[in-house]
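Asks: First, the structure itself, so that you have it in front of you.
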Amino acid sequence: MILKIESNGTLDYDINYRDSIFIAGEQIDAIYQFNSYRFTYRYMWIQKDKFDFGIGFTAKIRDAYIYLDNGIVSPSKKNIGFVPILNFWFDYRFTDKLSLLIEGDALAAPQGRAEDVLTALTYNISDKYKFKLGYRILEGGADNDEVYTFSLINYAVFGFIIEF
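Quick note, the sequence shown lines up with residues 23 to 186 if you use my numbering.
Here's what the structure looks like:
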(Lines of atoms letter the chains of each structure in order from A and count residues from 1; the text may use other names and numbers.)
(Lines give C-alpha, C1' and ligand atoms only; values in the text may rest on other atoms or scores of the structure.)
Protein backbone atom coordinates (compact mmCIF):
# COMPACT_ATOMS: atom_id res chain seq x y z
CA MET A 1 0.00 0.00 0.00
CA ILE A 2 1.33 3.41 -0.98
CA LEU A 3 0.23 6.29 1.26
CA LYS A 4 1.45 9.88 0.86
CA ILE A 5 -0.23 12.98 2.29
CA GLU A 6 1.03 16.46 1.40
CA SER A 7 -0.45 19.43 3.26
CA ASN A 8 0.16 23.03 4.22
CA GLY A 9 -1.33 25.50 6.63
CA THR A 10 -0.68 27.29 9.90
CA LEU A 11 0.10 25.66 13.23
CA ASP A 12 -2.24 25.87 16.22
CA TYR A 13 0.61 25.26 18.67
CA ASP A 14 4.41 25.05 18.76
CA ILE A 15 6.02 21.87 17.43
CA ASN A 16 9.50 20.59 18.19
CA TYR A 17 10.49 18.26 15.35
CA ARG A 18 14.01 16.89 15.06
CA ASP A 19 15.38 19.75 17.20
CA SER A 20 13.71 22.41 15.04
CA ILE A 21 11.03 24.60 16.61
CA PHE A 22 7.97 25.48 14.51
CA ILE A 23 6.02 28.36 16.09
CA ALA A 24 2.22 28.51 16.40
CA GLY A 25 0.70 30.66 13.66
CA GLU A 26 3.52 30.15 11.18
CA GLN A 27 2.98 28.70 7.70
CA ILE A 28 4.23 25.13 7.26
CA ASP A 29 4.40 22.58 4.45
CA ALA A 30 4.40 18.91 5.40
CA ILE A 31 4.73 15.47 3.85
CA TYR A 32 3.63 12.32 5.65
CA GLN A 33 4.44 9.14 3.77
CA PHE A 34 3.83 5.66 5.14
CA ASN A 35 4.20 2.94 2.54
CA SER A 36 3.79 -0.68 3.56
CA TYR A 37 4.63 -3.93 1.82
CA ARG A 38 3.05 -7.08 3.24
CA PHE A 39 3.18 -10.83 3.04
CA THR A 40 0.34 -12.64 4.83
CA TYR A 41 -0.15 -16.28 5.76
CA ARG A 42 -3.70 -17.04 6.92
CA TYR A 43 -5.22 -20.34 8.02
CA MET A 44 -8.96 -20.59 7.32
CA TRP A 45 -9.97 -22.05 10.66
CA ILE A 46 -13.74 -22.21 10.08
CA GLN A 47 -15.40 -22.67 6.70
CA LYS A 48 -19.18 -23.08 6.89
CA ASP A 49 -22.08 -22.52 4.50
CA LYS A 50 -22.83 -19.04 5.94
CA PHE A 51 -19.41 -17.80 7.09
CA ASP A 52 -15.64 -18.24 6.97
CA PHE A 53 -13.13 -17.26 9.64
CA GLY A 54 -9.37 -17.22 9.31
CA ILE A 55 -6.46 -16.04 11.38
CA GLY A 56 -2.82 -15.60 10.49
CA PHE A 57 0.34 -13.56 10.49
CA THR A 58 1.44 -10.61 8.34
CA ALA A 59 5.07 -9.68 7.82
CA LYS A 60 5.01 -5.95 7.06
CA ILE A 61 7.84 -3.76 5.88
CA ARG A 62 7.02 -0.12 6.57
CA ASP A 63 8.70 2.72 4.72
CA ALA A 64 8.02 5.94 6.65
CA TYR A 65 8.97 9.52 5.81
CA ILE A 66 8.01 12.76 7.57
CA TYR A 67 9.07 16.21 6.34
CA LEU A 68 8.25 19.70 7.69
CA ASP A 69 9.23 23.01 6.07
CA ASN A 70 8.58 26.59 7.23
CA GLY A 71 10.82 28.25 4.63
CA ILE A 72 13.72 28.50 7.09
CA VAL A 73 14.27 24.94 8.29
CA SER A 74 13.11 21.69 6.73
CA PRO A 75 13.92 18.67 8.89
CA SER A 76 12.90 15.20 7.77
CA LYS A 77 13.08 11.62 8.96
CA LYS A 78 13.06 8.44 6.91
CA ASN A 79 12.77 5.02 8.49
CA ILE A 80 12.36 1.50 7.11
CA GLY A 81 11.54 -1.38 9.42
CA PHE A 82 9.87 -4.73 9.95
CA VAL A 83 6.53 -4.95 11.78
CA PRO A 84 4.98 -8.34 12.70
CA ILE A 85 1.16 -8.17 12.78
CA LEU A 86 -1.72 -10.57 13.42
CA ASN A 87 -4.14 -11.03 10.54
CA PHE A 88 -7.85 -11.91 10.65
CA TRP A 89 -10.61 -12.58 8.10
CA PHE A 90 -14.37 -12.93 8.63
CA ASP A 91 -16.83 -13.32 5.75
CA TYR A 92 -20.55 -13.70 6.52
CA ARG A 93 -22.79 -14.56 3.56
CA PHE A 94 -26.32 -13.12 3.73
CA THR A 95 -27.17 -14.67 0.35
CA ASP A 96 -25.28 -16.39 -2.48
CA LYS A 97 -24.49 -12.95 -3.89
CA LEU A 98 -24.17 -10.60 -0.87
CA SER A 99 -21.77 -10.88 2.08
CA LEU A 100 -20.18 -8.87 4.87
CA LEU A 101 -16.38 -8.94 4.90
CA ILE A 102 -14.28 -7.86 7.88
CA GLU A 103 -10.56 -8.28 7.39
CA GLY A 104 -7.48 -6.71 8.84
CA ASP A 105 -4.07 -6.62 10.38
CA ALA A 106 -3.63 -5.41 13.96
CA LEU A 107 -1.20 -5.61 16.85
CA ALA A 108 -0.13 -3.47 19.80
CA ALA A 109 3.22 -3.69 21.59
CA PRO A 110 5.34 -1.44 23.84
CA GLN A 111 7.18 -0.22 20.70
CA GLY A 112 3.95 0.96 19.04
CA ARG A 113 0.79 -0.27 17.39
CA ALA A 114 -0.71 -0.80 13.95
CA GLU A 115 -4.27 -1.40 12.82
CA ASP A 116 -5.54 -1.70 9.27
CA VAL A 117 -9.14 -2.94 9.19
CA LEU A 118 -11.68 -3.10 6.37
CA THR A 119 -15.44 -3.59 6.78
CA ALA A 120 -17.18 -4.05 3.44
CA LEU A 121 -20.15 -5.47 1.64
CA THR A 122 -19.23 -7.72 -1.27
CA TYR A 123 -21.44 -8.60 -4.20
CA ASN A 124 -20.71 -11.65 -6.38
CA ILE A 125 -21.29 -11.11 -10.07
CA SER A 126 -19.93 -14.60 -10.87
CA ASP A 127 -17.91 -17.39 -9.25
CA LYS A 128 -14.67 -15.50 -9.87
CA TYR A 129 -15.62 -11.81 -9.81
CA LYS A 130 -17.08 -9.55 -7.13
CA PHE A 131 -17.36 -5.93 -6.13
CA LYS A 132 -16.73 -4.56 -2.67
CA LEU A 133 -17.84 -1.33 -1.04
CA GLY A 134 -16.85 -0.41 2.48
CA TYR A 135 -14.93 1.56 5.08
CA ARG A 136 -11.26 1.20 6.00
CA ILE A 137 -9.46 2.52 9.06
CA LEU A 138 -5.69 2.77 9.24
CA GLU A 139 -4.23 3.74 12.62
CA GLY A 140 -0.95 3.37 14.40
CA GLY A 141 2.26 4.89 15.57
CA ALA A 142 5.05 4.77 18.09
CA ASP A 143 6.01 6.50 21.32
CA ASN A 144 9.65 5.84 22.20
CA ASP A 145 12.92 7.66 22.85
CA GLU A 146 13.47 8.36 19.14
CA VAL A 147 10.01 9.34 17.89
CA TYR A 148 6.45 10.17 18.89
CA THR A 149 4.07 9.78 15.98
CA PHE A 150 0.50 8.54 15.61
CA SER A 151 -1.91 8.79 12.71
CA LEU A 152 -5.55 7.96 12.09
CA ILE A 153 -6.71 7.75 8.49
CA ASN A 154 -10.11 6.48 7.40
CA TYR A 155 -11.73 6.35 4.01
CA ALA A 156 -14.35 4.75 1.79
CA VAL A 157 -13.32 1.76 -0.32
CA PHE A 158 -14.62 0.55 -3.66
CA GLY A 159 -12.94 -2.44 -5.22
CA PHE A 160 -13.12 -5.26 -7.71
CA ILE A 161 -12.05 -8.77 -6.60
CA ILE A 162 -10.82 -11.56 -8.89
CA GLU A 163 -10.56 -15.00 -7.27
CA PHE A 164 -8.32 -17.73 -8.69
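Quick reminder that beta carbons are idealized off the backbone N, C-alpha and C, glycines included.
#1: Could you tell me the distance, in whole angstroms, from the CA atom of Met-66 to the CA atom of Tyr-114?
#2: Three-state secondary structure (DSSP) at Leu-25?
#3: Which first and last residues belong to the beta strand (DSSP E) in which Ala-164 is found?
#4: Pick helix, strand or coil for Thr-171, following the three-state DSSP scheme.
#5: Taking C-alpha atoms, which residue in Tyr-35, Ile-175, Ile-147 and Asn-57 lies nearest to Glu-185?
#6: Tell me where the beta strand (DSSP E) around Asn-101 begins and ends.
#7: Can you check whether the CB of Phe-180 is closer than 7 Å to the CB of Leu-143?
#8: By Cβ distance below 6 Å, which residues in the same chain neighbour Phe-56 in space, the five residues on each side in sequence not counted?
#9: By Cβ distance, which residues of its chain are closer than 6 Å to Phe-61, with the 5 residues on each side in sequence left out?
Replies: Here's the rundown:
#1: Working through the sequence shown from its first residue, we reach residue 66 at position 44. Working through the sequence shown from its first residue, we reach residue 114 at position 92. Taking the straight line from one Cα to the other gives about 14 Å.
#2: Numbered from its first residue, the sequence shown carries residue 25 at position 3. Reduced to three states, the DSSP call for Leu-25 is coil.
#3: If you number the sequence shown from 1, residue 164 lands on position 142. Segment 151-165, the beta strand (DSSP E) holding Ala-164.
#4: Residue mapping note: residue 171 aligns to position 149 of the sequence shown, counting from 1. DSSP places Thr-171 in strand when its eight states are reduced to three.
#5: Taking the first residue of the sequence shown as position 1, residue 185 is located at position 163. Glu-185 has its Cα closest to that of Ile-147, out of Tyr-35, Ile-175, Ile-147 and Asn-57.
#6: Here residue 101 refers to the residue found at position 79 of the sequence shown. Residues 98-115.
#7: Locating residue 143 in the sequence shown gives position 121, counting from the first residue. Locating residue 180 in the sequence shown gives position 158, counting from the first residue. For Leu-143 and Phe-180, no; Cβs fall outside 7 Å.
#8: Position 34 of the sequence shown holds residue 56. Leu-25 and Ala-86, listed in sequence order.
#9: The sequence position of residue 61 within the sequence shown is 39, counting from 1. Within the same chain, Phe-61 has close Cβ partners Ala-81.
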